[in-house]
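S.K.: Here the sequence shown stands for residues 1014 to 1136, where the numbers follow the working numbering.
Note that beta-carbon positions come from the ideal geometry of N, C-alpha and C, so glycine has one too.
None of the values given here were measured: they were computed from a predicted structure.
Mind having a look at this structure? Questions to follow.
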Amino acid sequence: MTFLPGFLFTITMVVSGIHHVGLMNASQIVAQQFTPVLASVLAAEFNLVGLALPPIFSLIMPNYSEEEWQTVFYGIVVILVVTNVLFIALTKVKSAKWTRGQLMECEGESERELSIVHLHDLC
């Protein structure tokens, strides 16, 4: 019975790694010029979760027995599978409306979408 939890945990960790790459890639596409801010928020979130997990695990597993570890592994598997499925189902990878540039006309040029960062350079 110990093979199944290890196998499921390994598979979900592999898929979670792929999920993380997709999350970081999608966040850069969605956030556009605000990617550094979003990356900082994500890094802070990951660090806080990393600090919060050991006390939570010690509450769930006071004796660190095999049955308690199986419960934790199955719980992690369920959480990772559910969050990966939700990510795939709900994520739309296109720039958010609040990151899109403004339409403007510069010295007779036709209107085009410009990044807010480059507005001053063009006119």
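I think V1085 touches M1074, with their Cβ atoms under 8 Å apart; what is that distance to the nearest whole Å?
M.R.: Indeed they touch by this definition, with Cβ atoms about 6 Å apart.
S.K.: Tell me the DSSP secondary structure of V1028 in three-state form.
M.R.: Here V1028 sits in helix by DSSP.
S.K.: Nearest to T1112 by alpha carbon, out of G1035, S1040 and F1047?
M.R.: F1047
S.K.: Select from Q1083, S1040 and G1030 the residue whose C-alpha is nearest the C-alpha of V1106.
M.R.: S1040
S.K.: Can you tell me the Cα-Cα spacing of F1022 and I1089, whole angstroms?
M.R.: 8 Å
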